[in-house]
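Read top to bottom, the protein sequences are chains S and Z.
Letter 122 of the first sequence, counting from 1, is numbered 122 in the numbering used here, and no numbers are missing.
Letter 394 of the second sequence, counting from 1, is numbered 1394 in the numbering used here, and no numbers are missing.
Where is the CB? At the ideal position from N, CA and C, for every residue including glycine.
If you're wondering where the values come from, they're calculated on a predicted model, not measured in any experiment.
There are 2 protein chains.
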Amino acid sequence: DGFFGRWQHRNATGTLPHCVDQLGTSGALHNLRLVTGEATGEFRNMWFADSDVHKTLEAAAWLLASQPDDERLLAFVDSTAALLSKAQGDDGYLNSYYTAVKPELRWQEPHYSHEMYCAGHLIQAAVAAARAGVAAELVAVARRFADLMVDHFGKADSPMALDGHPGIETALVELYRVTGHRPYLDLARRMLDQRGHGLLNGERFGSSYLQDHVPVRQADEVAGHVVRQLYLLAGMVDVAVETGDDELFEAARRLWEDAFGSKTYITGAQGSRHRDEAFGDPYELPADRAYGETCAAIASVQWNWRMLLATGGSRYADEMERALYNAVAGSTSLDGTHFFYSNPLHLRTGHDGSHEDAPSQRLPWYSCACCPPNLARLVASLHGYTATTDDTGLQVHLYSAGAVRAEVDGVRIEVVTRTDYPWDGRVELTVTGSGPLDLSLRVPDWCSEPSLLVDGVPLDVTPDDGYLRLRRDWSAGVTVVLDLAMPVRVVTAHPRVDAVRGCVALARGPLVYCVEQADLPADVVLEDVRIDPAAAVVHTALPAVPVALTTEGALLPPGGDALYRTGVPENAATPLTLTAVPYFLWGNRSPGPMRVWIPTTTG
Amino acid sequence: DGFFGRWQHRNATGTLPHCVDQLGTSGALHNLRLVTGEATGEFRNMWFADSDVHKTLEAAAWLLASQPDDERLLAFVDSTAALLSKAQGDDGYLNSYYTAVKPELRWQEPHYSHEMYCAGHLIQAAVAAARAGVAAELVAVARRFADLMVDHFGKADSPMALDGHPGIETALVELYRVTGHRPYLDLARRMLDQRGHGLLNGERFGSSYLQDHVPVRQADEVAGHVVRQLYLLAGMVDVAVETGDDELFEAARRLWEDAFGSKTYITGAQGSRHRDEAFGDPYELPADRAYGETCAAIASVQWNWRMLLATGGSRYADEMERALYNAVAGSTSLDGTHFFYSNPLHLRTGHDGSHEDAPSQRLPWYSCACCPPNLARLVASLHGYTATTDDTGLQVHLYSAGAVRAEVDGVRIEVVTRTDYPWDGRVELTVTGSGPLDLSLRVPDWCSEPSLLVDGVPLDVTPDDGYLRLRRDWSAGVTVVLDLAMPVRVVTAHPRVDAVRGCVALARGPLVYCVEQADLPADVVLEDVRIDPAAAVVHTALPAVPVALTTEGALLPPGGDALYRTGVPENAATPLTLTAVPYFLWGNRSPGPMRVWIPTTTG
């Protein structure tokens, strides 16, 4: 019943059933039935709507791994797998749009088609099913399609093995991991090698939109469409790790420095531009026009997870945590059935929320519905991101109430966690095992004063590369209490981030806070509010907000009609008490204005 | 040989011949020849490329009015008019795309087609030709097309008279003014009345993109695609004035308050978003991602000109001046043959200039080439915007060396102006006339200390609604010296403009200044530069920059790797001397970074 557990419960009871329903109403299943002959009429929705089906299937498969007796879910998975199987061509090809609408253009417009992108999500669903031990038919369908792609694209003289939207690369590596079938890995590598030579038709958006402007090993800046870039990076790490390709891994590490050094929001969101859904220039991080697509935050978690697995570096877990608790969590309403596609850090007074790409509140579905089922699959597998093992022991990266069991080199270990994280930094771990092992506990980058008690005895708490490492024999059972002090932090951005100059953000633990109109007097315009960065910040609680923050600030006079004036004005501000709530909870009370970065009284 | 004169000379010798050449190479003329049968092959370029032809013709016609013996220009106009005449259908229809490519969809997709938009530019070219007394064939072609539209769209039971891209409205009113033929005006009014009811297909961009979301009389916010909105507003004023429609004029005035109160850059540019080339929310005015399309600044001049004519209000002339000297002038290179399509106020260090919509330097042409020929036609007619007459006299709005002759109520007046404006605020006017008249001289909003000498005698200089009004008998000839003091102004934006918080801009007279990398040491990153808003500012001169500004500031240390940090850092800055150049001249030395809004040492 921790934070993650409640999130997963909401996902299982709210988001996933909602996604399943939408597959019916949006036309995604209808399109597959057009192929099987079970339906007639027009193709509906986006040309890559098959991926909505696959992502929802993946979420269902992960969920079935923990609740295998859910008959409704099993029925959905089995019936949908059967539909996919029926829609699959004899040769293994499976794509409703290119089968029903454009059969003559199969594989002919890879810059646009999303055929491999959809195939990638099909394969990921199959990998989840294989790991959950369900839906053998789904695994068979995915393998048939993967074998077709290997056959068609995998030889030296094969056509170009590229898709405008990456995603297939990680999927093929994952399928290789599940099956041990090397040609899948080789094809993924081939795809990476062929990318970046301008082979895709970049006419409409340019090559960099598709990450086809520079060979992936030579890139030193993230560029173009954010989700495509991040999925590609996850694939780069996967291939690098499985093939021992240091050059490829170095490229991913270089791009990580670029992305997280100058192109990431404080919420972990990425994508500074609505135009092209793209990364911006270095330090171009507007709060109001932040695109921060939900799928990009999900992709960032996936990429950082792979970097973490490859290196054990805590910085990657820090970024996973930042994105999860802010950009990802904030995308979904408290009822689990309304979503943001873009995740701004400032919704202006007077905002025109009529556009789907920048609405004033979460919407139940989108014409391009990539995000909701992507959330469903991530959250359904969230527990899998909390801990890892290596040759020497167990590493705990993310803290939430629950239990982890593992066996390392013949030694069994179980860690039961009790905590109110992220509302409270106290994490109590009851550890029992069958022998000696390293237990590594991550100290988040935001925590400068961790403390540790082992069976009540204080221990040295100097982190080693971001982790407290305890080596002991766990046979007797031990209680470890990690206390991650969570003072409120007043955060500033790098001075080159023009968009938030003279502003601070409040943060506590992994949570970024924001000021919402709902907590201001009705006649106060949010943009006239200032915060005193030196004032004391007090914890309060609001309905559904365990820890809100209250501090002092000021209210500027309206500022007059002149948009520009000569001289630097002295504004006679009046005192104002401010309340801030966690960013991830914004927009659950009213669709009013919100801002994360608050101008200071001194700035 | 004043500022405007040199600009017009560059336009006549650089920009216009360049546009004429591009009509050949871009395919715009080729498309018309497809229709006439003089060419074969594919339709090339944009589906509205006819408008490039029409705009270039309009520019040529304006130019022929002042240099009627230019044989090359006459030959271009006559041969192109003949081509248009030949391409015109028997019924009067003229559009190369819908004739050559989509004949079955004529008038069927008005949200997309730009058929009337192109017709509007054809008519504007004809109006210019009629006023210049050239190319009678062009006038005939335009009238035939206008008559067809009146016939097809002008009756009570006619189809919807709307085009997704406004522009036709002003054109029809202008044609009415030239011909006195009332049905043109009535059709323009009909178009305004039908707009705003969601009748256009707004599927892709939404109704507000097309200003079809609210009836024009009820609108209280500018919205959507900026050029469309501004052309529509110009048409609203034209129709309101010609029909005495106060309600319609009030709507335009209301939208003016909105646009210039919260959605205009200090350069006069408009359009805060690359996505949809659109207005943003109130006070959403990012410097780096300013779209500020050149055509929008041109449209703003045209709209403000109409507001000025309708009211005599100096604020409209202020906005014309601001846009002309900054957003419009800055769009063109010193050689007159390279252009910006978007006009940002900040080009970041590390900017990716590979996209045509945000290049690092001016380009010779664009795949959507609306701006260059639009510039050509505006600049060719620039002298026409400097002064007006009414029942009582002559009003001078814009100052540049040259002569104005007019006759008001039987009294002739000639004003010869000598000035180095905008580099110097001294304007010497030699006035001779045949009797008593009001001479009104605009005092720009940026000038708080005008002074006036009439034949060497100081006069009271309290402006009346932004104008100094001199009523006298001009028969004897008078020398008027208006001195518009031009101290350097340190300008701040409204506190709600988040994007430039803690920044100031330097301005002098009508010119906004900027800091360019070209004037900084090579190893200084522009984003690390700060300005001391209290430091003295000194005039200097640089090659091709008559008045540059030098002042004191500071250089921050690079700021470290952390994108976010706890606490408000104290940065140990080192002193730095800054040079600023007029914004309109930026990018003529190197494609390096530039910024108008400079963070202060105190902010």
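Beta-carbon proximity of residue i to residue j, cut-off 9 Å
{"i": "Z:D952", "j": "Z:G1393", "result": "Since the first residue of chain Z shown is 1001 and the last is 1603, residue 952 of chain Z is not available in this structure."}
{"i": "S:R595", "j": "S:V515", "result": "yes"}
{"i": "Z:G1235", "j": "Z:H1213", "result": "no"}
{"i": "Z:V1545", "j": "Z:W1007", "result": "no"}
{"i": "Z:E1414", "j": "Z:V1481", "result": "no"}
{"i": "Z:V1396", "j": "Z:A1310", "result": "no"}
{"i": "S:S590", "j": "S:F4", "result": "no"}
{"i": "S:A161", "j": "S:G167", "result": "no"}
{"i": "S:R508", "j": "S:V454", "result": "no"}
{"i": "Z:T1550", "j": "Z:T1574", "result": "no"}
{"i": "S:S342", "j": "S:Y385", "result": "no"}
{"i": "Z:T1430", "j": "Z:R1418", "result": "yes"}
{"i": "S:L122", "j": "S:G164", "result": "no"}
{"i": "S:V616", "j": "S:V490", "result": "Nothing in the structure corresponds to residue 616 of chain S, since chain S is present only between 1 and 603."}
Minimum C-alpha distance to residue i - residue among the options
{"i": "Z:L1172", "options": "Z:L1185, Z:L1162, Z:A1161", "result": "Z:L1185"}
{"i": "Z:R1033", "options": "Z:G1268, Z:V1077, Z:N1095, Z:N1011", "result": "Z:N1095"}
{"i": "Z:L1468", "options": "Z:S1475, Z:E1449, Z:G1456", "result": "Z:E1449"}
{"i": "Z:Q1218", "options": "Z:L1248, Z:F1205, Z:S1434", "result": "Z:L1248"}
{"i": "Z:H1152", "options": "Z:A1126, Z:I1123, Z:Q1108", "result": "Z:Q1108"}
{"i": "S:V53", "options": "S:S66, S:A65, S:S79, S:A39", "result": "S:S79"}
{"i": "S:S66", "options": "S:A128, S:L511, S:E570", "result": "S:A128"}
{"i": "Z:D1238", "options": "Z:L1285, Z:R1177, Z:C1370, Z:Q1211", "result": "Z:R1177"}
{"i": "S:G92", "options": "S:A59, S:R144, S:A562", "result": "S:R144"}
{"i": "Z:A993", "options": "Z:E1174, Z:K1263, Z:R1254, Z:Y1583", "result": "There is simply no residue 993 of chain Z to check, as chain Z begins at 1001 and stops at 1603 in what is shown."}
{"i": "Z:F1339", "options": "Z:V1431, Z:A1369, Z:G1313, Z:L1063", "result": "Z:A1369"}
{"i": "Z:P1436", "options": "Z:R1412, Z:D1445, Z:P1458, Z:L1452", "result": "Z:R1412"}
{"i": "Z:G1202", "options": "S:V525, S:S354, S:Y366", "result": "S:S354"}
{"i": "S:A39", "options": "S:M46, S:F48, S:L29, S:A75", "result": "S:L29"}
First and last residue of the uninterrupted beta strand (DSSP E) at residue i
{"i": "Z:V1204", "result": "Reading off the sequence, residue 1204 of chain Z comes out as Arg, not Val. Careful: Z:R1204 lies outside any beta strand (DSSP E) and carries neither H nor E."}
{"i": "Z:A1541", "result": "1538-1542"}
Proximal chain Z residues relative to residue i, where beta-carbon distance stays under 9 Å
{"i": "S:G466", "result": "The premise fails here: S:G466 is roughly 15 Å from chain Z at the closest Cβ pair, so nothing lies under 9 Å."}
{"i": "S:A562", "result": "G1261, H1494"}
Chain-ordered neighbours of residue i on chain S, where CB pairs are closer than 8 Å
{"i": "Z:H1225", "result": "Within chain S, no residue comes near Z:H1225; the closest Cβ sits about 13 Å away, beyond 8 Å."}
{"i": "Z:A1499", "result": "P286, D498, A499"}
{"i": "Z:H1351", "result": "D281"}
{"i": "Z:S1208", "result": "D352, S354"}
{"i": "Z:R1348", "result": "D281, P282, Y283, E284"}
Within chain Z, partners of residue i - CB distance below 7 Å
{"i": "S:H338", "result": "Those within 7 Å of S:H338 in chain Z number zero; the least Cβ separation is about 21 Å."}
First and last residue of the uninterrupted alpha helix (DSSP H) at residue i
{"i": "Z:Y1316", "result": "1314-1322"}
{"i": "S:G235", "result": "226-243"}
{"i": "S:H18", "result": "16-26"}
{"i": "Z:G1120", "result": "1115-1132"}
{"i": "Z:V1301", "result": "1294-1311"}
{"i": "Z:C1371", "result": "1371-1380"}
{"i": "Z:R1589", "result": "Taken as a continuous stretch (DSSP letters only), Z:R1589 belongs to no alpha helix (DSSP H), as it is neither H nor E."}
{"i": "S:R362", "result": "Unbroken run through S:R362: none, as it is neither H nor E."}
Neighbouring residues, chain S, relative to residue i (Cβ below 7 Å)
{"i": "Z:D1438", "result": "The premise fails here: Z:D1438 is roughly 29 Å from chain S at the closest Cβ pair, so nothing lies under 7 Å."}
{"i": "Z:R1275", "result": "H274, R275"}
Partner residues on chain S for residue i, Cβ-Cβ distance less than 9 Å
{"i": "Z:P1359", "result": "Those do not exist, as Z:P1359 stays about 12 Å from chain S at its closest Cβ, beyond 9 Å."}
Cross-chain neighbours of residue i in chain Z, by beta carbon under 8 Å
{"i": "S:E527", "result": "Y1283, P1495, R1496, D1498"}
For this session: Would you check if there are 3 or more beta carbon pairs closer than 8 Å linking the segment 378-394 of chain S to the segment 406-416 of chain S?
Result: yes
Exercise. Would you call the segment 1021-1028 of chain Z and the segment 549-559 of chain S touching, i.e. three or more CB-CB distances under 8 Å?
Worked result: no
Exercise. Does the pairing of the segment 43-62 of chain S with the segment 370-377 of chain S give three or more beta-carbon distances under 8 Å?
Worked result: yes
For this session: Check whether the segment 1270-1277 of chain Z touches the segment 1344-1352 of chain Z, taking contact to mean three or more Cβ pairs, one atom from each stretch, closer than 8 Å.
Result: no
Exercise. Is there contact between the segment 247-262 of chain S and the segment 323-332 of chain S, where contact requires at least three CB pairs shorter than 8 Å?
Worked result: no
Exercise. Counting pairs of Cβ atoms below 8 Å between the segment 1069-1089 of chain Z and the segment 1134-1142 of chain Z, do you hit three or more?
Worked result: yes
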